[in-house]
Amino acid sequence: MAAQPPLKTTPLKDRHLRAGARLVAFAGWEMPVQYQGVLAEHRAVRTAAGLFDVSHMGEVEVSGKEAVGWLDSLTPNHVARLEVGQAHYSALLDENAGILDDLLIYRLEADRFLLVINAANTTADLEWLGSHRRGGVEIENVTDATALLALQGPVAAKLLVQVMGPEVESLRPFRFRFLAWGGGEALISRTGYTGEDGFEIYLSPQPAGQLWDALLERGRDLGVSPVGLGARDTLRLEAGLCLHGQDIHAGTTPLEAGLGFIVKLDKGEFMGRHVLARQRQEGVTRRLCGFRLLERGIARHGHEVYVGDSHVGEVTSGTHSPTLGQSIGMAYLPWEATQPGQALAVQVRGSRLAGEVVPLPFYRRPRT
Amino acid sequence: MIPDDVKYTKEHEWVRQEGRTVTVGITHHAQKEMGDLVFVELPRPGQQLKAGQPMGTVESVKAVSEVFAPVTGKVVEVNEALADHPEKVNQDPHGDGWMARIDLEGEPQGLMTAAEYRAFLGGGD
Numbered sequence: 000m001a002a003q004p005p006l007k008t009t010p011l012k013d014r015h016l017r018a019g020a021r022l023v024a025f026a027g028w029e030m031p032v033q034y035q036g037v038l039a040e041h042r043a044v045r046t047a048a049g050l051f052d053v054s055h056m057g058e059v060e061v062s063g064k065e066a067v068g069w070l071d072s073l074t075p076n077h078v079a080r081l082e083v084g085q086a087h088y089s090a091l092l093d094e095n096a097g098i099l100d101d102l103l104i105y106r107l108e109a110d111r112f113l114l115v116i117n118a119a120n121t122t123a124d125l126e127w128l129g130s131h132r133r134g135g136v137e138i139e140n141v142t143d144a145t146a147l148l149a150l151q152g153p154v155a156a157k158l159l160v161q162v163m164g165p166e167v168e169s170l171r172p173f174r175f176r177f178l179a180w181g182g183g184e185a186l187i188s189r190t191g192y193t194g195e196d197g198f199e200i201y202l203s204p205q206p207a208g209q210l211w212d213a214l215l216e217r218g219r220d221l222g223v224s225p226v227g228l229g230a231r232d233t234l235r236l237e238a239g240l241c242l243h244g245q246d247i248h249a250g251t252t253p254l255e256a257g258l259g260f261i262v263k264l265d266k267g268e269f270m271g272r273h274v275l276a277r278q279r280q281e282g283v284t285r286r287l288c289g290f291r292l293l294e295r296g297i298a299r300h301g302h303e304v305y306v307g308d309s310h311v312g313e314v315t316s317g318t319h320s321p322t323l324g325q326s327i328g329m330a331y332l333p334w335e336a337t338q339p340g341q342a343l344a345v346q347v348r349g350s351r352l353a354g355e356v357v358p359l360p361f362y363r364r365p366r367t
Numbered sequence: 000m001i002p003d004d005v006k007y008t009k010e011h012e013w014v015r016q017e018g019r020t021v022t023v024g025i026t027h028h029a030q031k032e033m034g035d036l037v038f039v040e041l042p043r044p045g046q047q048l049k050a051g052q053p054m055g056t057v058e059s060v061k062a063v064s065e066v067f068a069p070v071t072g073k074v075v076e077v078n079e080a081l082a083d084h085p086e087k088v089n090q091d092p093h094g095d096g097w098m099a100r101i102d103l104e105g106e107p108q109g110l111m112t113a114a115e116y117r118a119f120l121g122g123g124d
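Line order of the protein sequences matches chains A and B.
Letter 333 of the first sequence, counting from 1, is numbered 332 in numbering that gives the first Met the number 0, and no numbers are missing.
Letter 117 of the second sequence, counting from 1, is numbered 116 in numbering that gives the first Met the number 0, and no numbers are missing.
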């Protein structure tokens with residue numbers, strides 16, 4: 000077996016260790032999975048705010064006079080409609096509309112974009128993009144030159160105003176702007192992966208530590224704490240957000256995954272469009288649904304799901320929901336079994352536990 | 000965090016013997032490795048256990064781990080409070096977080112002393 004390449008580290012590793020984090024290997028990176036504990040970190044994000052180091056995410060710049068049309072040919076959302084200063088959620092699709100990755104696309108300038116992709120898919124995505132590249136399109140992997148912090152939770156805006164300035168307050172969801180930080184510029188966007196209000200901040204590795212320290216120091220009295228990948232997963236699942244490699248993958252389409260809002264069939268031809276057009280016309284035969292267990296136990300990724308006596312699929316993601324105090328999960332169910340209240344069962348080791356379909360998301364933040 | 004008055008297994012259970020009855024649970028080290036527990040599955044009172052065989056599970060947010068019976072015998076009582084409060088295992092693994100009381104059949108075999116368990120963990124906690 001070939002030796003594993005050494006794990007990549009983020010510019011904040013020393014800070015994580017000093018904060019008592021447990022570091023684990025994740026998608027080729029050494030990342031903090033938890034600091035004081037998943038439940039406390041989860042609660043911090045729901046009630047105050049949490050600070051995440053997600054510098055492992057891949058960042059790719061796409062530029063050139065053909066960049067807009069080229070991105071629109073590879074992704075289902077409408078890139079040409081993006082304004083400079085705006086981002087959207089989308090996907091890289093294959094010919095069958097299978098989801099190779101999900102991503103955010105930021106329009107930095109009229110002909111310059113930032114693609115934010117999953118760490119586990121960065122190499123494959125770059126190969127895919129490279130193999131489909133055409134004239135007038137430049138692709139640059141800027142992952143190693145980019146640190147990424149996420150500040151998420153009800154007090155995130157208040158704290159970020161204190162640390163970076165009042166300009167961030169007026170940012171609307173999926174809008175971004177550049178602000179000076181540490182002798183350079185940071186891109187601040189009102190986006191996230193937790194179901195809370197919050198921001199993601201892209202900047203050079205060197206000044207990232209100073210920002211991390213400032214946010215934790217100024218945030219202490221507000222109840223802000225560092226949060227690891229463990230709570231990131233429970234937070235995103237409560238919010239009904241998909242994880243690529245589990246809930247979505249090359250064997251699933253955006254319409255099956257409940258991501259119809261990123262499918263813009265009227266924008267013209269794009270990769271996988273014919274499959275999505277057919278699915279939209281004829282309907283999908285299965286759909287990603289949320290469920291909860293009605294008995295004690297925890298459904299997890301890979302557990303078998305039954306409707307009546309029929310084995311209909313597997314749990315794609317499952318966990319104990321810290322906010323709801325019950326076992327929640329997602330699974331692809333046959334179309335006729337997708338109504339909320341539909342009875343199902345999950346095979347958890349020796350027991351088949353009763354559950355029911357519930358609407359997604361499991362958790363919606365209170366509106367103020 | 001390794002009490003001297005109990006015995007240990009390589010699977011990180013502890014065993015406190017009082018006469019012919021033992022109380023068992025998982026060690027501080029085990030709960031720390033697991034992280035915040037959110038579900039504990041215990042054996043049933045009356046259930047016959049064989050040393051080394053699974054008697055229950057503990058689940059944290061991210062992981063499932065089996066708990067093995069450290070002795071052979073019959074379950075006489077389980078800690079019902081863990082059903083609603085699995086966090087007791089994190090907070091007090093050697094006290095309020097106990098899992099089961101077992102009436103011994105035969106003598107416990109192959110358990111480690113606190114000193115041996117400490118060495119087994121490599122001098123950590």
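For glycine and all other residues, C-beta sits at the position ideal for the given N, C-alpha and C.
Since we're looking at a predicted model, the values are computed, not measured.
| Query | Result |
| --- | --- |
| Would the beta-carbon of Tyr331 of chain A fall within 9 Å of that of Glu255 of chain A? | yes |
| What are the start and end residues of each continuous alpha helix (DSSP H) run of 4 or more residues lying completely inside the region 308 to 343 of chain A, in chain order? | none |
| So, is Asp265 of chain A buried or exposed, given that buried needs 16 or more other C-beta atoms within 10 angstroms? | exposed |
| For Leu170 of chain A versus Leu50 of chain A, is the C-beta distance shorter than 9 Å? | no |
| Measure the beta-carbon distance from His77 of chain A to Thr9 of chain A and round it to whole angstroms, keeping in mind my assumption that it falls under 8 Å. | The pair is not a contact, with the Cβ atoms about 33 Å apart (cut-off 8 Å). |
| Could you tell me which residues DSSP pairs with Pro187 of chain A in its beta bridges? | A small correction: the amino acid at residue 187 of chain A is Ile; Pro does not occupy that position in the sequence shown. According to DSSP, which records beta bridges pairwise, Ile187 of chain A is partnered with A:Arg176 and A:Ile200. |
| My guess is that Thr145 of chain A and Tyr201 of chain A are in contact by the Cβ rule of under 8 Å, so how many angstroms apart are they, rounded? | 6 Å |
| Under 9 Å between C-beta atoms, does Ala82 of chain B make it to chain A? | yes |
| Nearest-angstrom Cα distance between Asn117 of chain A and Gly134 of chain A? | 26 Å |
| When you compare only the Cα positions, how much space is there between Trp127 of chain A and Leu99 of chain A? | 9 Å |
| From the beta carbon of Asn78 of chain B, is the nearest beta carbon of chain A less than 9 Å away? | no |
| Find the residues of chain B that neighbour Ile104 of chain A, judging by a C-beta separation of less than 7 Å, and give them in chain order. | The premise fails here: Ile104 of chain A is roughly 31 Å from chain B at the closest Cβ pair, so nothing lies under 7 Å. |
| Which residues of the region 61 to 73 of chain B have a Cβ closer than 9 Å to any Cβ of chain A? Give them in chain order. | Lys61 and Val63 |
| Could you work out which residue in A:Ala47, A:Gly296, A:Pro253 and A:Asp13 is closest to Arg279 of chain A when comparing CA atoms only? | A:Pro253 |
| With 8 Å as the C-beta to C-beta threshold (strictly closer), list the residues of the region 23 to 57 of chain B near chain A in chain order. | Gly34, Asp35, Val37, Phe38, Glu40 and Thr56 |
| With 16 other CB atoms within 10 Å as the buried threshold, where does Arg366 of chain A fall? | exposed |
| For a cutoff of 9 Å on Cβ pairs, would you count Val226 of chain A as touching chain B? | no |
| Please state whether the Cβ-Cβ distance between Gly328 of chain A and Arg291 of chain A is less than 9 Å. | yes |
| Could you list which residues in chain B have their beta carbon closer than 8 Å to that of His319 of chain A, in chain order? | Val37, Phe38, Glu58 and Val60 |
| Can Leu287 of chain A and Gly259 of chain A be called in contact, C-beta distance under 9 Å? | no |
| Would you please verify whether the beta carbon of Glu10 of chain B is less than 9 Å from any beta carbon of chain A? | no |
| Which class does Glu168 of chain A belong to by DSSP, given the choice of helix, strand or coil? | helix |
| Run the CB neighbour count on Gln338 of chain A, radius 10 Å, all protein chains shown included, and call it buried at 16 or more, exposed below. | exposed |
| Answer yes or no: does any C-beta atom of chain B fall closer than 9 Å to that of Ala353 of chain A? | no |
| Could you tell me whether any Cβ in chain B is nearer than 9 Å to the Cβ of Ala39 of chain A? | yes |
| Going by DSSP, what residue range makes up the beta strand (DSSP E) through Gly87 of chain A? | Looking at the sequence itself, residue 87 of chain A is His, so the reference to Gly does not match. Segment Ala86 to Leu92, the beta strand (DSSP E) holding His87 of chain A. |
| At which residues does the alpha helix (DSSP H) containing Asn140 of chain A begin and terminate? | Counting along the chain, Asn140 of chain A falls outside any alpha helix (DSSP H), though it belongs to the beta strand (DSSP E) covering Glu137 to Asn140. |
| Taking DSSP as the reference, what is the three-state secondary structure of Lys12 of chain A? | helix |
| Any beta-carbon of chain E closer than 9 Å to the one on Glu115 of chain B? | This model lacks chain E altogether, as its protein chains are A and B. |
| Within 9 Å (strictly less), CB to CB, does Gly36 of chain A reach chain B? | yes |
| Got a sec: which bits of the region 288 to 301 of chain A sit with their beta carbon under 8 Å from any beta carbon on chain B, in order along the chain? | Arg295, Gly296, Ile297 and Arg299 |
| Taking Cβ positions only, does Thr233 of chain A come closer than 9 Å to chain B? | yes |
| Listing by chain order, which chain B residues have their CB less than 8 Å from the CB of Gly229 of chain A? | Gly34, Val60 and Lys61 |
| In whole angstroms, what separates the C-alpha of Ala119 of chain A from that of Gln325 of chain A? | 29 Å |
| Please list the partners that Gln33 of chain A has in chain B, where partner means a Cβ-to-Cβ separation under 8 Å. | Gly34 |
| If you follow the beta strand (DSSP E) that Met30 of chain A is in, where does it begin and where does it stop? | Trp28 to Gln33 |
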